[in-house]
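*Asks:*
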Amino acid sequence: MKPGGVLVVGVVLGLLGGLIYAWFIQPVSYVDTYPPLLEAPFRQDWIRMTAWAYAQDGNWERAKLRLRDLSSKEIQEVTLEVLDEAVAAGKPEAMLRRLASMAMAYGAAGPGVAIYAGVTEV
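Going by my numbering, 34 is the number at position 25 of the sequence shown; the sequence numbering is gapless.
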């Protein structure tokens, strides 16, 4: 075999071996990823968990930090859903007020926000 042919075969085998190793033997696994890089259902879960945590502890700075780079529209939608779930579940009024104030802070509006955040217009 010619030296050029050996080089080509070596490069092809090396690339093939690298792909097999990277895809099957030790594929990339993401850990400690950045919330905006998550897929939509997982981002929504992140927002939902943050809203429930804020409803429990009332730590606004921590909630803002957790949601800082996510879209306000997505935060509005999910916090309104969480507020509706909390109302339906009969959660304490203090939690409902915190959830409503969080939704209002991100520009959400709705009946739950109007009732529990003390807004006079919807």
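In this text, a Cβ means the ideal position worked out from N, Cα and C, and glycines have one as well.
If you count every other CB in all the chains shown that lies within 10 Å of the CB of GLN65, and 16 or more means buried, which is it?
*Replies:* Looking at its Cβ environment, which holds fewer than 16 other Cβ atoms inside 10 Å, GLN65 is exposed.
*Asks:* Among residues of its own chain, excluding the 5 on either side of TRP61, which ones have a beta-carbon nearer than 6 Å to its beta-carbon?
*Replies:* For TRP61, where only same-chain residues beyond five positions count, there are no Cβ hits under 6 Å.
*Asks:* Just the C-alpha distance for LEU47 and ASP78, rounded to the nearest angstrom, thanks.
*Replies:* Distance between the alpha carbons of LEU47 and ASP78: 12 Å.
*Asks:* Report buried or exposed for LEU76, applying the criterion of at least 16 other Cβ atoms within 10 angstroms of its Cβ.
*Replies:* Answer is buried; the Cβ neighbour count reaches 16.
*Asks:* Determine the DSSP secondary structure at TYR125, reduced to helix, strand or coil.
*Replies:* Helix, per DSSP.
*Asks:* Please go through the same chain and pick out, in chain order, the residues whose beta-carbon is closer than 8 Å to the beta-carbon of GLU102, but skip the five residues on each side of it.
*Replies:* Closer than 8 Å at the Cβ level, and outside the excluded window around GLU102, lie TYR125.
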